[in-house]
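A quick write-up on the structure given underneath.
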Amino acid sequence: MTGATIPPPRWRLPPPTTGGDILRRQAHNVRPKLKTSVSHWAVVHRGYDPTTLPWQPEIMDCLSDAEVAEVGMIKPSQCGGTEIGLAWMGWIIDTDPSDSLVCQPDQAMAGIFSKTRLNPLIDETPAVKQKLMPSPDANAIHLKLFRGMSLASVWPVPAQFTQRPVRYGWLDDYDQYDEDIGSSKDKGGQGSGIGLLEGRGTSHEGREKKFISSSPAREDGGGVEAFVAEGTDERIHPVCPSCGERWEIDILRDLQFDRTGNADDAEHTAHVVCGTGNGCVLTPQDRRAVLDSLIDLPNRGFVAANPTASKRRRTFRVDGLMALTSWPRLARIWRAAQIAWETRQDESDLRTFINTKAGKNYRSQASGEKPIAVDVLKKRRRAGWKLGKVPRGPMVVNIIIDVQHDRFEGGAVGYGKDGERWLIDRFAIDVLDDGLTQVSPFIHHEHWKVLLPLFDRKYPLAEQGPDGKPVGYAPILSVTIDTGGSDQKGDQATAGAKWFWNAARALGIHSSRITLVKGGSNPKGKLMPPGEFADQKAKGGARRGSARLWIPNVHKIKNIIDAKLRRDLPGPGYIHLPENLDDDHVDELTAEELKKGKWVKLRPRNETLDILVYGEAAILKPPFAQSRTDMRWVPKTFRVQWPTPDMRSPSSNKVATARLAKDNDSYIETAATRQREVGLDDRLTLQSIDFAASDAVENSEVKKLSSTQTTNRQAHARRRNPYTSRRR
């Protein structure tokens with residue numbers, strides 16, 4: 001019998017694990033990271049292209065420079081500033097994990113930033129994603145947990161900074177933060193965002209770093225501009241591809257285009273003039289060469305305006321010509337903003353362009369200027385045209401009322417195309433119709449009925465026919481009431497104005513012809529936000545049938561009026577004054593001065609200025625002009641109508657004048673008739689009346705239906721033109 005073969009074992013013992021094997025497997029956890037800059041890390045892990053905007057790597061690398069503790073950047077929008085910050089966050093997570101925070105202007109923006117910027121950074125960057133902790137709550141919206149660190153997404157309120165020691169902090173869009181975070185009318189706050197962040201890094205002293213970035217938005221030069229000015233304050237100096245010399249590029253000086261045409265003309269003629277003084281003209285095709293010239297320059301083209309400043313704080317200014325927006329596009333936006341200023345005296349578009357596209361702080365056109373001299377305005381009074389008459393030019397007339405404790409100060413303003421204005425009338429109502437009783441708007445709501453006839457007022461045209469009578473009359477489109485501020489008097493005026501609104505609606509006045517305004521106190525607010533319903537339901541929520549209150553940004557509108565008053569020649573944007581306007585009323589036009597972005601009173605009487613301001617606000621609301629400079633929005637029924645050439649003959653003019661005069665007489669009597677019909681007296685309250693009115697219009701003719709008086713649940717149901725008062 002032959003010997004049996006022993007089969008090989010089914011398993012073998014692995015060789016014993018040595019210390020070297022263990023060290024090799026875990027070496028990546030203890031191996032020191034290779035020193036790398038933020039820009040290099042972004043190239044390797046983010047696919048970043050440093051040649052797109054060659055100045056960016058200089059700012060990135062400051063964030064990984066151990067000698068730099070503070071980095072500041074004042075910039076235009078869409079210049080890659082967020083990419084710089086995200087690359088820094090990724091570099092921290094991957095190479096130098098330490099507790100960090102990113103701050104956005106408010107809670108909503110912090111959440112959006114976390115979802116749309118930080119989450120993609122994690123998901124699309126393997127080097128970052130593998131450092132995310134495996135726990136289910138590691139990737140929350142406002143707090144993300146990584147190996148060895150946390151990353152908080154916060155907003156500027158004191159509670160978000162407490163009990164949160166961090167080594168690295170990024171304050172983005174810094175100029176949108178409150179200057180004194182946590183302050184209120186009753187108490188002060190806890191200081192600036194930079195100050196709060198400084199306190200969070202105390203435990204990391206000597207190793208902490210902060211990054212402050214923002215487009216400028218503070219006219220007084222505070223915020224990010226002040227932070228940058230106190231550092232090295234470095235600006236971009238590219239090489240001119242034509243003459244080969246370097247210069248500090250400045251969009252406000254160097255970007256040239258046709259400033260007499262429209263936005264299309266500006267876009268087609270856009271070019272940059274080299275600032276070296278050689279007069280080199282650079283076309284949009286030269287933009288790439290200008291950017292590429294930065295690649296081989298020291299500090300990638302940045303030159304310190306404050307070279308003696310400590311390297312501990314490196315700060316940078318990025319010009320709009322060095323951002324992603326093309327030069328023709330910049331010229332187009334700039335010219336459109338200029339046209340808005342020239343035609344509407346609205347500097348909102350200019351402010352937006354300078355701040356977000358040029359990357360510079362906007363200085364208001366009226367900033368630092370002294371109030372207009374009264375003597376200059378007195379010379380503006382136009383000979384041959386008197387108060388109470390409508391000259392050629394206005395296409396619609398509105399009445400504005402400024403409420404005082406013992407009177408109504410009123411005025412009528414005419415509006416023409418391209419922002420041209422005429423002060424048609426200036427008056428005061430201090431007694432009731434009996435001629436004896438003193439008006440008390442804050443105390444007696446029923447005294448507001450003296451304003452109801454204003455809807456039916458007609459102003460004679462300034463020219464006369466052969467018979468010596470006016471050639472026509474101008475109706476009133478809207479009556480605007482300034483209800484005052486947010487104090488007790490303002491609340492009393494608002495209550496009276498709501499009574500007036502209900503009374504006018506009971507008489508058939510369309511709601512669009514009644515404008516209640518209350519001046520907004522925020523100089524950064526919208527020019528004309530949507531109207532708010534003044535009354536609330538018992539269970540909460542707006543009462544949709546109640547008066548609508550408009551809260552315009554009076555600071556911006558006063559800028560517009562101030563610019564109009566500074567115009568030297570009649571034409572677009574000019575305000576005309578009649579020859580017999582009282583000196584005291586002219587003085588009231590100069591009663592306020594712009595200080596730190598807000599208008600403050602120099603003298604107590606400013607009613608005439610307020611009349612112009614709230615008159616401007618009234619046509620900014622829908623369905624009136626809003627942002628339009630043409631007058632096509634004016635309803636035909638309320639347009640200022642001048643006789644056509646075929647009415648110039650004596651016979652035709654005589655007939656037309658007689659008809660217009662007769663119509664005017666009956667029109668003026670209408671308000672008194674209305675009051676008799678509905679029984680308006682001191683005891684009547686109209687708060688519970690509901691109004692039903694349709695807005696059908698056929699061929700611009702008023703379609704009248706019979707109206708009946710019923711209970712206080714329904715009054716004067718009728719079909720009428722949306723803008724037309726009820727007539728007999």
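Number 219 in full-length UniProt numbering belongs to position 219 of the sequence shown; there are no gaps in the numbering.
The C-beta atom is built at its ideal place from N, Cα and C for all residues, glycine as well.
If you measure between the beta carbons of Pro-105 and Tyr-177, is that distance less than 8 Å? yes
Taking the alpha-carbon positions, what's the Thr-51 to Asp-65 distance? 21 Å
Which listed residue (Asp-233, Gly-359, Ile-295) has its alpha carbon closest to that of Arg-312: Ranking Asp-233, Gly-359, Ile-295 by CA distance to the CA of Arg-312 puts Asp-233 first.
Beta-carbon gap between Leu-432 and His-447 smaller than 8 Å: yes
Just verifying my parser: in three-state terms, what is the DSSP assignment at Glu-219? coil
Note the first and the last residue of the continuous alpha helix (DSSP H) segment covering Tyr-126. Before going on, a small fix: residue 126 reads as Pro here, not Tyr. Note, Pro-126: alpha helix (DSSP H), 126 to 129.
Check the C-beta distance from Gly-388 over to Tyr-473 and give it rounded, since I have them as a contact under 8 Å. Not really, about 12 Å apart at Cβ, beyond 8 Å.
Looking only at C-alpha atoms, which of Gln-464, Ile-399, Met-73 sits nearest to Glu-225? Closest by alpha carbon: Met-73.
Close beta carbons around Glu-208, own chain, < 6 Å, minus the five adjacent residues each side: The residues are Arg-167, Gly-201.
Are the CB atoms of Val-102 and Leu-63 nearer to each other than 8 Å? The Cβ atoms of Val-102 and Leu-63 do not sit closer than 8 Å to each other.
Please list the terminal residues of the continuous beta strand (DSSP E) segment that includes His-444. Careful: His-444 lies outside any beta strand (DSSP E) and carries neither H nor E.
By DSSP, does Leu-660 sit in helix, in strand, or in coil? Reliability of the predicted coordinates at Leu-660 is poor, the pLDDT of 45 falling under 50, and the value obtained from them is presented with this limitation in mind. Leu-660 falls in the helix class under three-state DSSP.
For Gln-56, which option in Arg-332, Ala-42, Gly-199, Thr-260 has the closest C-alpha, if you only look at C-alpha atoms? Ala-42
Using the C-alpha atoms, what's the distance from His-45 back to Ser-150? Distance from the CA atom of Ser-150 to the CA atom of His-45, rounded to whole angstroms, is 20 Å.
Taking DSSP as the reference, what is the three-state secondary structure of Ser-100? strand
With 16 other CB atoms within 10 Å as the buried threshold, where does His-40 fall? buried
Going by CA-CA distance only, name the one from Asp-175, Gly-148, Gly-231, Arg-147 that's closest to Trp-155. Asp-175
Buried or exposed for Arg-505, going by 16 or more other Cβ atoms inside 10 Å? Arg-505 is classed as buried because its beta carbon has at least 16 other beta carbons within 10 Å across all chains shown.
Can you list the alpha helix (DSSP H) stretches of 4 or more residues lying completely in the region 457 to 511, in chain order? 488 to 506
Kindly list the residues whose CB is nearer than 7 Å to the CB of Thr-437, restricted to its own chain and excluding five residues on each side of it in sequence; keep chain order. Val-431
Name the two residues that bound the continuous beta strand (DSSP E) containing His-576. 575 to 578
Report the partner residues of Gly-410 according to the DSSP bridge assignment. The partner list for Gly-410 (beta bridge, DSSP) reads Ile-401, Phe-427.
Rounded to a whole number of angstroms, what is the C-alpha to C-alpha distance between Val-613 and Lys-558? Note on geometry: alpha-carbon atoms of Val-613 and Lys-558 lie some 6 Å from one another.
If you draw a straight line from the alpha carbon of Glu-205 to that of His-555, how long is it in whole angstroms? 44 Å
Cα separation between Thr-82 and Phe-302? 19 Å
How close, in whole Å, do the beta carbons of Asp-180 and Gly-191 come, if the pair is a contact with beta carbons under 8 Å? Between Gly-191 and Asp-180 the Cβ distance is about 7 Å, and since that is below 8 Å, they are a contact.
Could you check which residue in Arg-421, Glu-198, Asp-173 has the C-alpha nearest to that of Pro-216? Asp-173
From Pro-572 to Asp-319, what does the alpha carbon distance come to, in whole angstroms? The alpha-carbon atoms of Pro-572 and Asp-319 are separated by roughly 33 Å.
Determine the contact status of Leu-565 and Leu-377, defining contact as a CB-CB distance below 8 Å. Contact check for Leu-565 against Leu-377 passes: the beta carbons are separated by less than 8 Å.
Under 8 Å between the Cβ atoms of Ile-443 and Val-479? The answer is no: Cβ separation not under 8 Å.
By alpha-carbon positions, which one of Phe-257, Glu-342, Gln-78 ends up nearest to Ser-213? Gln-78
Would you tell me roughly how many angstroms separate the C-alpha atoms of Thr-162 and Val-397, rounded to the nearest one? 57 Å
Under 8 Å: do the region 276 to 292 and the region 232 to 248 share three or more Cβ pairs, one atom per stretch? yes
Give me the residue from Thr-494, Ile-6, Pro-523 with the minimum Cα distance to Phe-533. Checking every option, the nearest Cα to that of Phe-533 belongs to Thr-494.
Taking the straight line between their C-alpha atoms, what separation do you get for Thr-608 and Thr-590? Cα to Cα, the separation comes out at about 9 Å.
If we count Cβ pairs, one from each stretch, closer than 8 Å, do we get three or more for the region 249 to 265 versus the region 325 to 337? yes
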